[in-house]
Amino acid sequence: MIIENTNAMPHAFDSFPVLHTERLDLIEVTSSHTPDLFQLVTDTRVSRFFNVMPATQVNDMEKVVDRFRKMYADKTGIRWAIQLKGATNIIGTIGFYNITDKHRGVLAYAILPEYWNKGYVSEALKEVLRFGFKELELRRVDAEIRPGNIPSERVLLKYGFTHEGLLRQWVLWNGEYQNMNMYALVVNDWMVNNA
Numbered sequence: 001m002i003i004e005n006t007n008a009m010p011h012a013f014d015s016f017p018v019l020h021t022e023r024l025d026l027i028e029v030t031s032s033h034t035p036d037l038f039q040l041v042t043d044t045r046v047s048r049f050f051n052v053m054p055a056t057q058v059n060d061m062e063k064v065v066d067r068f069r070k071m072y073a074d075k076t077g078i079r080w081a082i083q084l085k086g087a088t089n090i091i092g093t094i095g096f097y098n099i100t101d102k103h104r105g106v107l108a109y110a111i112l113p114e115y116w117n118k119g120y121v122s123e124a125l126k127e128v129l130r131f132g133f134k135e136l137e138l139r140r141v142d143a144e145i146r147p148g149n150i151p152s153e154r155v156l157l158k159y160g161f162t163h164e165g166l167l168r169q170w171v172l173w174n175g176e177y178q179n180m181n182m183y184a185l186v187v188n189d190w191m192v193n194n195a
């Protein structure tokens with residue numbers, strides 16, 4: 001009798017998956033993206049809602065690239081660079097961290113302000129959720145949103161996430177404990193809208 005190992009991590013971590021949408025390519029974050037990452041994390045319109053590593057120069061972003069590589073190698077996360085089709089620069093990042101085998105992952109994304117309100121996050125999110133539920137076989141996707149980040153909340157609600165409550169003093173951010181709103185999407189709810 002052959003017993004299947006149901007705890008084995010899905011094949012999604014065999015080689016970095018490149019995803020495509022109508023207007024975007026979701027690619028691996030590399031050292032060539034450090035100038036774009038630096039622009040993203042140092043823009044206060046982005047960093048006021050997104051806890052980023054302090055950076056004073058482009059080379060600081062090598063640590064971010066290394067962290068993304070390590071998460072992927074350890075099978076605990078996957079972060080894509082968001083790139084417009086035909087472009088060489090990236091406009092943001094999206095992906096999962098704190099992945100637990102065939103159970104859950106935490107969603108994170110950030111995009112440069114000049115690309116806000118153009119549907120790019122929604123377009124990328126749709127494909128990333130498909131990948132998470134189909135390829136990573138996740139049962140649940142969490143999203144922790146800082147209070148006041150109404151645009152991110154709207155995007156999540158559009159894709160069926162449920163607001164589960166306020167996590168009080170959930171993260172240490174700039175030396176202070178901050179509240180976060182918890183949103184979640186479970187596979188059964190996702191399947192209803194994506195059958």
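Residues in the sequence shown are numbered consecutively from 1, following full-length UniProt numbering.
C-beta atoms are modelled at their ideal positions from N, C-alpha and C, and glycine is treated no differently.
As the structure is a computational prediction, the values presented were derived from the model and not from experiment.
Check: What's the gap between the Cα of P35 and the Cα of I94?; Outcome: 17 Å
Check: Which value, in whole angstroms, describes the spacing of the CA atoms of L156 and Y183?; Outcome: 8 Å
Check: Tell me the residue span of the alpha helix (DSSP H) that contains T76.; Outcome: Premise fails: T76 is in no alpha helix (DSSP H) and is neither H nor E.
Check: Closest to M180 by C-alpha separation, out of I145, D101, M191, P151, would be which residue?; Outcome: I145
Check: What's the gap between the Cα of E123 and the Cα of F131?; Outcome: 13 Å
Check: The alpha helix (DSSP H) with V121 in it runs from where to where?; Outcome: 120-130
Check: Going by the CB atoms, is the gap between I27 and V18 shorter than 7 Å?; Outcome: yes
Check: Near F38, what residues of its chain come up, given a Cβ to Cβ distance below 8 Å and the 5 sequence neighbours on each side ignored?; Outcome: A55, Q57, V58, D60, M61
Check: If you draw a straight line from the alpha carbon of residue 196 to that of S152, how long is it in whole angstroms?; Outcome: Residue coverage of the chain in this structure runs from 1 to 195, which leaves residue 196 outside it and unanswerable.
Check: Among residues of its own chain, excluding the 5 on either side of D25, which ones have a beta-carbon nearer than 7 Å to its beta-carbon?; Outcome: V18, Q83, K85
Check: May I have the straight-line CA-CA distance separating L172 from D14, to the nearest angstrom?; Outcome: 34 Å
Check: Which same chain residues, not among the five before or five after R45, have their C-beta less than 8 Å away from its C-beta?; Outcome: P113
Check: Can you tell me the Cα-Cα spacing of N194 and G105, whole angstroms?; Outcome: 19 Å
Check: Which two residues bound the contiguous beta strand (DSSP E) that contains F38?; Outcome: Here F38 belongs to no beta strand (DSSP E); instead the alpha helix (DSSP H) covers 34-42.
Check: Which term fits D74, buried or exposed, when burial requires 16 or more other beta carbons within 10 angstroms of its beta carbon?; Outcome: exposed
Check: Got a sec, what are the start and stop residues for the beta strand (DSSP E) R140 sits in?; Outcome: 140-145
Check: Among the residues of its own chain, which have a CB less than 8 Å from the CB of Y177, if the five just before and after it don't count?; Outcome: Q169, W170, V171
Check: Mapping DSSP to helix, strand and coil, what is T12?; Outcome: The residue you asked about is not Thr; residue 12 is Ala in the sequence shown. Three-state DSSP puts A12 in a helix.
Check: Among T100, L107, F50, whose alpha-carbon lies nearest the alpha-carbon of V128?; Outcome: L107
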